[in-house]
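Heads up, the thing below is written out as structure tokens.
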Ligand code: SF4
Ligand code: SF4
């Protein structure tokens, strides 16, 4: 008997027939449409009641004088990576970052579904569950609904049960309500796939879903979820450079003093804060028991704008919105700004407020006044006479720069006057000589102005910057190399406000890394733990170069907090000159971490880190590791290899 042959059954239609179908009400009556219209108008009105005020503040805030959209390519790249890919959030905190990314991507996928949802309420739905495109898209959105539901559940558990320290002690019930609404949105959407089309249940689900969206909309501008709308703009419209300090404009600009000084970018950023606490989690001041809380700095400004407004002449640093004490506890390490997932730039705010209080005479501090006076009188932070610098130059046999040498070796205050800084300079000069690089030091140098720039004394900074710029131009310097990352940053970036220099500026770690093949590879058998200086790492992105140099002399390891997450030594922002700290010392916290690695040597690459960590190692350990700058380690390797050559030649 012949077996009947059936035509092959297409796989996809069979699969599609087996899948549940998204169910919607069959038809909406005129009454339903009228009710829906009233609810939409009410929701939009509540939304605008708050969002309109935010827009008014943003419009009224002062324009940012130095803002430019160029280079646009970098802005687009940052936007794609940080906003669309959620790359920074995932990179910094993989699990919560992914959970957040699912919610964000789900929102994007749901934009079309939500539009269709309300259109169908007027019998105008455009995504048909039975059509190819509509059917596919509704399933595509269902996949995201699942991911969003999982993501938001995890974020809820984390916020209400795991409760990391940086969320603060107060429970955010608002976050719980928002999480509940998002979960309900996803649940009602998914449930519609398991409901008969046109049934009462489908109608009920449709309305619950619609009402959830309409309840969620006004909550956005009334809560920290305002970042959903503002943060893409905040990331795209950033100042375009890490820790960029905007210039003061005109004789009446003293910094961030009152509401009239708040710029559009500062206001936009204040309203974009999602209150995640990442900035506070990484802040060295907050981690050592100080009052400073970078999240609170941003929220303080937001609170000021909400209550006082951008036209107010009331001071911002008044003890209520922002406190004088906290803004002068900042080491300007940049950890907060680096971590912020929505592109908030804390340092222009903090330094802006310091400027405001210094330039108007509100900040009175004996140490600060002494530093300013010393710099005005001596031109260096250590208050020593220039003849001491001359003596060191003679003693170390450093050539004077006369325009014939390739490099100007910039000594900086620490390299010229501090005994340990001088040792680093001497070692680095030894390395340069070994490499056959010609160099010279200027007859005269003044402090680059780094500490006064960060402390907010603009007048003194301008004086120092202009004197140095003129001096370098007169000496026709084309290349500068220095042992101090603070000098590098200030010369390369901050001086630009006053014309800048055309010379190439390099940190000695970068210089040595470029010449590493000409340095001896002499493994000392020792373990070296490298401390990333904030101004070399986060500010300049030089992480590999110092490690490459160190790797020629030993085994390099990292402390738990390294690279972009490196923990400050406590010196930056002029704090090294400001006397006693509140709470634990930042440097002690770091020194304990470095010692705990068990390394025999701590490798440093900044004379300020060197001085802070040196004292802290001695204070926190009976048998601390040896502390050396990378130049000293390289010079020691040179010495060891030359000794080895001599002994092999003599044997
Ligand atoms: S720059 Fe550093 S010290 Fe200052 S607020 Fe930010 S994290 Fe804290
Ligand atoms: S400023 Fe940025 S990092 Fe800090 S809480 Fe706000 S969003 Fe989070």
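Numbering (my numbering), first residue to last: 68 to 718.
The beta-carbon is built from N, C-alpha and C at its ideal position, and this holds for glycine as well.
These numbers come from a predicted model, not from an experiment.
Contact between residue 310 and residue 401 holds, since their C-beta atoms are separated by about 5 Å, short of 8 Å.
The stretch 665-682 and the stretch 382-391 do not touch, with fewer than 3 CB-CB distances between them shorter than 8 Å.
Residue range 453-462 is occupied by the alpha helix (DSSP H) that includes residue 458.
The alpha-carbon of residue 507 is positioned some 49 Å away from that of residue 343. Counting C-beta atoms within 10 angstroms of its own C-beta, residue 485 has 16 or more neighbours from the protein chains shown and is therefore classed as buried. DSSP, read as helix, strand or coil, puts residue 283 in helix. Separation of residue 413 and residue 406 (C-alpha to C-alpha, rounded to the nearest whole angstrom) is 10 Å.
Exclusion of residue 390 from the 7 Å shell around ligand 1 follows from its C-beta lying no nearer than that to any non-hydrogen atom of the ligand. By the criterion of a C-beta distance shorter than 6 Å, residue 190 is surrounded in its chain by 95, once the five residues flanking it on both sides are discounted. Sixteen is the threshold: since fewer than 16 other Cβ atoms of the shown chains lie within 10 Å of the Cβ of residue 584, the residue is exposed. Distance between residue 529 and residue 418, taken at the CA atoms: about 15 Å. Residue 232 and residue 649 have their C-alpha atoms spaced approximately 20 Å apart. Residue 511 and residue 520 have their C-alpha atoms spaced approximately 21 Å apart. Residue 655 has its Cβ no nearer than 7 Å to any heavy atom of ligand 1.
Counting other Cβ atoms within 10 Å of its Cβ, residue 240 stays below 16 and is therefore classed as exposed. The alpha-carbon separation between residue 157 and residue 357 amounts to approximately 29 Å.
When distances are taken from the beta-carbon of residue 342 to the heavy atoms of ligand 2, the shortest one is below 7 Å. With a cutoff of 7 Å, residue 401 counts as near ligand 1, since its C-beta is closer than that to a heavy atom of the ligand.
The Cβ neighbour count for residue 404, taken over all protein chains shown within 10 Å, is at least 16; the residue is labelled buried. By the Cβ-count criterion, residue 550 is buried, with 16 or more other Cβ atoms from all chains shown falling within 10 Å of its own Cβ.
In the three-state scheme derived from DSSP, where H, G and I count as helix and E and B as strand, residue 382 is classed as strand.
Judged by beta-carbon spacing, residue 154 lies beyond the 8 Å limit of residue 211, meaning their Cβ atoms are not closer than that value.
Taking 7 Å as the cut-off, the C-beta of residue 413 counts as close to a heavy atom of ligand 1.
For the options 251, 674, 283, the alpha carbon positioned closest to that of residue 272 is the one of 251. In this structure, residue 531 sits near residue 514, with a CB-CB distance shorter than 8 Å. Check the Cα spacing between residue 175 and each of 527, 87, 207: the tightest is with 207.
Checking the DSSP bridge columns, you'll see residue 668 partnered with 595, 693.
Exclusion of the five residues before and after residue 630 leaves 599, 604, 610 as the residues of its chain whose Cβ lies within less than 7 Å of its Cβ. Its chain contains 522, 523, 524 as the residues whose beta carbon lies nearer than 7 Å to that of residue 425, once the 5 sequence neighbours on both sides are disregarded; these appear in chain order. If you ignore the 5 residues before and after residue 125, its C-beta comes within less than 8 Å of the C-beta of 331, 334, 335, 338, all in its own chain and listed in chain order. The three-state secondary structure of residue 506, taken from DSSP, is strand. By alpha-carbon distance to residue 366, the top candidate from 222, 416, 652 is 416. Counting every other CB atom within 10 Å of its CB across the protein chains shown gives residue 294 a total of 16 or more, marking it as buried.
Distances between the C-beta of residue 350 and the heavy atoms of ligand 2 are all 7 Å or more. Pairing residue 633 with residue 296, the inter-Cα distance amounts to about 32 Å. For residue 194 against residue 201, the beta-carbon gap comes to about 4 Å, under 8 Å, which counts as contact.
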